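Visitor: Quick note, the sequences are listed as chains E and P, same order. For the first sequence, counting from 1, position 141 maps to 140 in numbering that gives the first Met the number 0; every step adds exactly one. For the second sequence, counting from 1, position 193 maps to 192 in numbering that gives the first Met the number 0; every step adds exactly one. Heads up, the beta-carbon is just placed ideally off N, CA and C, and yes, glycines get one too. The structure displayed is predicted, hence computed values, not measured ones.
2 protein chains.
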Amino acid sequence: MDGFLGVLGGMGPLATADFLGKLVENSPALVDQDHVPVIVYGDCTTPDRTASIVGTGPSPLPKLLAGITLLNQAGVKAICIPCNSAHCWYDELSAASSVPVFHIVKASAEQVRKKQPDAKTVGVLSTFGTHQMGIYRDTLAAMGYAVVAPSEDEFHTLVSPAIAMIKANRLDEAEDVFREAASRLRARGAEIIILGCTEIPIGMRRQYRETPALFVDSNDALALAVIDFFAA
Amino acid sequence: MDGFLGVLGGMGPLATADFLGKLVENSPALVDQDHVPVIVYGDCTTPDRTASIVGTGPSPLPKLLAGITLLNQAGVKAICIPCNSAHCWYDELSAASSVPVFHIVKASAEQVRKKQPDAKTVGVLSTFGTHQMGIYRDTLAAMGYAVVAPSEDEFHTLVSPAIAMIKANRLDEAEDVFREAASRLRARGAEIIILGCTEIPIGMRRQYRETPALFVDSNDALALAVIDFFAA
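Written as structure tokens, this is what we have:
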């Protein structure tokens, strides 16, 4: 395998570990040497993305740019960011990088097309920050999909608390809450649901295993896009 | 959390992802920002460690030193290597680093003391290369333990094939083989068994969950040593 993948990670650190695992599991490799070499910049002290978007915390951009700079200096061939909310700063990060930066939202939207070619309505579970910035809504709408997302009340009572449970390692508790949030999107017409925050698949492992065709895991979608790129 | 942990990884890539997950799971953190920031150099094209030790492949040392150099240049505070066999080159790597390098064998031996303070006989499952170099045998003997390991025949028919299964993503098959290898060590008096190759815990998840007191997972031991260091 030629060249390193740069991973701008740490948001959160468990999502980065999960991404690296999915990169390995999805690779058609038989020995270590067939996998994609990686350099990971995992600064988990990067300020919370959603807090910045809703105006209650500092911007993560300076730390994100520090990571982009280090990865470019290390000579990586391309960069991916296993954090959906960080893609609210995608344009600035991509402009600061001399190598291509994968887009997790586009990678996830592609997997919707592959998994459910006839779907018309797509549900999105994400952080409140990603939702506010509309990065999934706009990309999916441009592809002709109707998009359903939790209400502001459902973000505050279900999705945001469950994401915080993952970050505090309370995975089992989170699973029940995400199950409820997903079933509400399905009741409103979602034929497939994008897990559009890289913490969410960690909290929905059982449900994903039971019905993989009903979900797109954004971390998995990103890994698949990376593997395609490095195989080319 | 102050300063980055450098991780010299990619040996194999799944063991690195597993280590990062264990670093998160063992941390008493409630939010991303409480975890240990990491920079990972994961060059999975590093030549096979055991092949080099038994004289059938090139040395991994040049690539290992390239990783140590990059991590030092990136300004990390300490370095860990989630690969037991790579510790056969520990002295060279430690000498080339201006920051401390954790020793996975010492970290694992410490966990034996904590988990089974009365144990006298310790089993070690490792790669054949780690076994040949005697890094566990010598460290444990110096601490007063009797050490049991697979026979050369058991390495060739059980342990080495099962490690190759992990590297090829055949986890379930590997589990049965490792179970047999562990039960043979127990029959020869092992009161606790060190999983002294970072791929092995990935292939013994069920057995470890059933009887965690009977095993020391070297990846877990390394994560615990790192967390202690960064909390100090």
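Shorter than 8 angstroms from the beta carbon of E/MET10 to some beta carbon of chain P?
Guide: Residue numbering aside, residue 10 of chain E sits at position 11 when the first sequence is read from its first letter. Chain P contact via Cβ: present.
Visitor: Leaving out the 5 sequence neighbours to the left and right, which residues in its chain are closer than 7 angstroms to E/HIS130 when beta-carbon positions are compared?
Guide: As a working mapping, residue 130 of chain E is identified with position 131 in the first sequence. Cβ neighbours of E/HIS130 beyond the five flanking positions: ALA148, PHE154.
Visitor: Taking the beta strand (DSSP E) that E/TYR89 falls in, what are its first and last residues?
Guide: Here residue 89 of chain E is taken as the residue at index 90 of the first sequence, counted from 1. First-last for E/TYR89: 89 to 95, but that is the alpha helix (DSSP H), not the beta strand (DSSP E).
Visitor: Which chain E residues are close to P/CYS43, counting only those with a beta carbon under 7 angstroms from its beta carbon?
Guide: Stepping through the second sequence from its first residue, residue 43 of chain P is reached at position 44. Residues of chain E passing the Cβ test: ASP31, GLN32, HIS34, PRO36.
Visitor: Verify whether the separation of the beta carbon atoms of E/VAL215 and E/GLN110 is less than 8 angstroms.
Guide: As a first step, residue 215 of chain E is located in the first sequence; it is residue number 216 there, counting from the start. As a first step, residue 110 of chain E is located in the first sequence; it is residue number 111 there, counting from the start. Taking 8 angstroms as the Cβ cut-off, E/VAL215 and E/GLN110 qualify as a contacting pair.
Visitor: Please decide whether P/VAL23 counts as near chain E, where near means a Cβ-Cβ distance under 8 angstroms.
Guide: Counting from one through the second sequence, the residue named residue 23 of chain P turns up at place 24. Closer than 8 angstroms: yes.
Visitor: Taking the alpha-carbon of P/ARG205 as reference, which of P/GLY133, P/ASP171, P/ALA220, P/MET164 has the nearest alpha-carbon?
Guide: Here residue 205 of chain P refers to the residue found at position 206 when the second sequence is read from its first residue. Closest by alpha carbon: P/ASP171.
Visitor: Please list the residues of the segment 164 to 191 of chain E that have a C-beta atom closer than 9 angstroms to any C-beta atom in chain P, keeping them in chain order.
Guide: LYS166, ALA167, ASN168
Visitor: Counting Cβ pairs, one atom from each stretch, are 3 or more of them under 8 angstroms apart for the segment 10 to 30 of chain P and the segment 71 to 87 of chain P?
Guide: yes
Visitor: Return the bridge partner residues of P/LEU7 from the DSSP annotation.
Guide: The sequence position of residue 7 of chain P within the second sequence is 8, counting from 1. Answer is P/TYR40.
Visitor: Below 7 angstroms on C-beta distance, what does P/THR232 contact in chain E?
Guide: Nothing in the structure corresponds to residue 232 of chain P, since chain P is present only between 0 and 231.
Visitor: Along the segment 125 to 143 of chain E, what residues have a CB closer than 8 angstroms to any CB found in chain P?
Guide: Within the segment 125 to 143 of chain E, contact with chain P at the beta-carbon level (separation under 8 angstroms) is assigned to no residue.
Visitor: Anything in the segment 49 to 75 of chain P with a Cβ closer than 8 angstroms to a Cβ of chain E? List those residues in chain order, please.
Guide: LEU69, ALA73
Visitor: List the DSSP bridge partners of E/VAL146.
Guide: What you label residue 146 of chain E is simply residue 147 of the first sequence in a count that begins at 1. Note: E/VAL146 sits in a beta bridge opposite E/VAL121.
Visitor: Listing by chain order, which chain P residues have their CB less than 9 angstroms from the CB of E/VAL158?
Guide: Here residue 158 of chain E refers to the residue found at position 159 of the first sequence. By Cβ distance, chain P contributes nothing, its closest Cβ being about 17 angstroms from E/VAL158, past 9 angstroms.
Visitor: Using the three-state DSSP reduction, which class does E/VAL215 fall into: helix, strand or coil?
Guide: Taking the first residue of the first sequence as position 1, residue 215 of chain E is located at position 216. Reduced to three states, the DSSP call for E/VAL215 is strand.
Visitor: With contact counted as at least three CB pairs below 8 angstroms, one residue from each stretch, are the segment 104 to 120 of chain E and the segment 181 to 199 of chain E in contact?
Guide: Contact between the segment 104 to 120 of chain E and the segment 181 to 199 of chain E is present, because at least three Cβ pairs lie under 8 angstroms.
Visitor: Look at E/ALA180 and E/LEU139 and say whether their C-beta atoms are less than 8 angstroms apart.
Guide: The residue given as residue 180 of chain E occupies position 181 in the first sequence. The residue given as residue 139 of chain E occupies position 140 in the first sequence. Annotated as distal: E/ALA180 and E/LEU139, with beta-carbon spacing of 8 angstroms or more.
Visitor: Determine, for E/VAL39, whether the minimum Cβ-Cβ distance to residues of chain P falls below 8 angstroms.
Guide: By one-based count along the first sequence, residue 39 of chain E stands at place 40. Yes, E/VAL39 counts as interfacial toward chain P.
Visitor: Note down, in chain order, each residue of its chain lying with its Cβ closer than 7 angstroms to the Cβ of P/ALA108, except the 5 sequence neighbours on either side.
Guide: Residue mapping note: residue 108 of chain P aligns to position 109 of the second sequence, counting from 1. Same-chain partners within the cutoff: THR138, LEU139, MET142.
Visitor: Can you name, in chain order, every residue of its own chain whose Cβ lies under 8 angstroms from the Cβ of E/PRO46, other than the five neighbours on each side?
Guide: Here residue 46 of chain E refers to the residue found at position 47 when the first sequence is read from its first residue. Closer than 8 angstroms at the Cβ level, and outside the excluded window around E/PRO46, lie GLY56, PRO57, SER58, PRO59, LYS62.
Visitor: Take the Cβ of E/ASP227 as the centre, count every other Cβ of all protein chains shown within 10 Å, and call the residue buried at 16 or more, exposed below.
Guide: Position 228 of the first sequence, counted from the first residue, corresponds to residue 227 of chain E. Flag for E/ASP227 reads exposed.
Visitor: Since I believe E/PRO36 is in contact with P/ASP42 (beta carbons under 8 angstroms), could you give me their beta-carbon distance rounded to a whole number of angstroms?
Guide: Residue mapping note: residue 42 of chain P aligns to position 43 of the second sequence, counting from 1. Residue mapping note: residue 36 of chain E aligns to position 37 of the first sequence, counting from 1. Contact holds; Cβ gap of about 5 angstroms.
Visitor: Can you tell me which of the three DSSP states P/ALA220 falls into?
Guide: Within the second sequence, the letter at position 221 stands for residue 220 of chain P. Helix, per DSSP.
Visitor: Note down the Cα distance separating P/PHE229 from P/PHE101, rounded to an integer number of angstroms.
Guide: Looking up residue 229 of chain P in the second sequence gives position 230. Looking up residue 101 of chain P in the second sequence gives position 102. Roughly 12 angstroms separates the two Cα atoms.
Visitor: Relative to the C-alpha of P/VAL234, which residue among P/VAL121, P/GLU24, P/VAL53 is closest?
Guide: Nothing can be reported for residue 234 of chain P: it is not among the residues displayed for chain P, which extend from 0 to 231.
Visitor: Let me know the secondary structure DSSP gives E/ALA77 once reduced to three states.
Guide: Here residue 77 of chain E is taken as the residue at index 78 of the first sequence, counted from 1. E/ALA77: strand per DSSP, three-state reduction.
Visitor: For P/LYS166, count neighbouring C-beta atoms within 10 Å of its own C-beta (all shown protein chains included) and say buried if the count is 16 or more, exposed if not.
Guide: If you number the second sequence from 1, residue 166 of chain P lands on position 167. By the neighbour-count rule (16 or more Cβ atoms within 10 Å), P/LYS166 is buried.
Visitor: Taking the alpha carbon of E/ASP152 as the reference point, which residue from E/ALA212, E/ILE134, E/ARG183 has its own alpha carbon closest?
Guide: Within the first sequence, the letter at position 153 stands for residue 152 of chain E. Of E/ALA212, E/ILE134, E/ARG183, the residue nearest in Cα terms is E/ARG183.
Visitor: Rounded to a whole number of angstroms, what is the C-alpha to C-alpha distance between P/MET203 and P/ARG178?
Guide: Indexing the second sequence from 1 puts residue 203 of chain P at position 204. Indexing the second sequence from 1 puts residue 178 of chain P at position 179. Straight-line Cα distance between these residues: approximately 7 angstroms.
Visitor: Beta-carbon within less than 7 angstroms of P/GLY66's beta-carbon, same chain only, minus the 5 sequence neighbours each way: which residues are those?
Guide: The residue labelled residue 66 of chain P in the question sits at position 67 within the second sequence. These residues qualify, in order along the chain: LEU7, TYR40, ASP42.
Visitor: What is the rounded straight-line gap between the Cα of E/ARG169 and the Cα of P/SER51?
Guide: Taking the first residue of the first sequence as 1, we reach residue 169 of chain E at position 170. Taking the first residue of the second sequence as 1, we reach residue 51 of chain P at position 52. Cα to Cα, E/ARG169 sits roughly 42 angstroms from P/SER51.
Visitor: On a Cα-Cα basis, can you pick out the residue from E/ALA222, E/LYS21, E/LEU194, E/ALA28 that is closest to E/VAL158?
Guide: Here residue 158 of chain E corresponds to residue number 159 of the first sequence, with the count starting at 1. Closest by alpha carbon: E/LEU194.
Visitor: Just the C-alpha distance for E/VAL176 and P/LEU4, rounded to the nearest angstrom, thanks.
Guide: The residue you call residue 176 of chain E lines up with position 177 of the first sequence. The residue you call residue 4 of chain P lines up with position 5 of the second sequence. Distance between the alpha carbons of E/VAL176 and P/LEU4 is about 33 angstroms.
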